[in-house]
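Peer 1: Here it is, the structure, as structure tokens.
Structure, rendered in structure tokens:
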């Protein structure tokens with residue numbers, strides 16, 4: 907036997923019944939299957955790109971040498 911709800915508990919139980927209606931539960935999951943996996947994959951891609959750019963970014967002195975050589979060739 908469960909604990910008997912008082913008048914306040916009954917009030918809130920009735921107020922929350924709409925949240926359990928089958929038309930409202932898991933609508934986003936059914937509307938966009940795979941969205942969660944796609945968001946996780948995109949997040950991993952963004953983090954990987956930032957790490958790659960930090961590891962393999964050319965040094966500022968290398969960038970200045972390229973500009974200098976380009977201006978001399980013109």
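Residue numbers (the numbering used here): 907 to 980. Just so it is clear, CB atoms sit at the ideal spot from N, CA and C, and this is done for glycine as well.
Whole angstroms is fine: what's the gap from residue 958's alpha carbon to residue 947's?
Peer 2: To locate residue 958, count along the chain shown from 1; it is residue 52. To locate residue 947, count along the chain shown from 1; it is residue 41. Cα to Cα, residue 958 sits roughly 16 angstroms from residue 947.
Peer 1: Shorter than 8 angstroms from the beta carbon of residue 926 to some beta carbon of chain B?
Peer 2: Although the question refers to chain B, the structure presented lacks it and comprises just one protein chain.
Peer 1: When DSSP labels each residue in this structure, what does residue 927 get in the three-state scheme?
Peer 2: Sequence index remark: in the chain shown, residue 927 carries index 21 (1-based). Coil.
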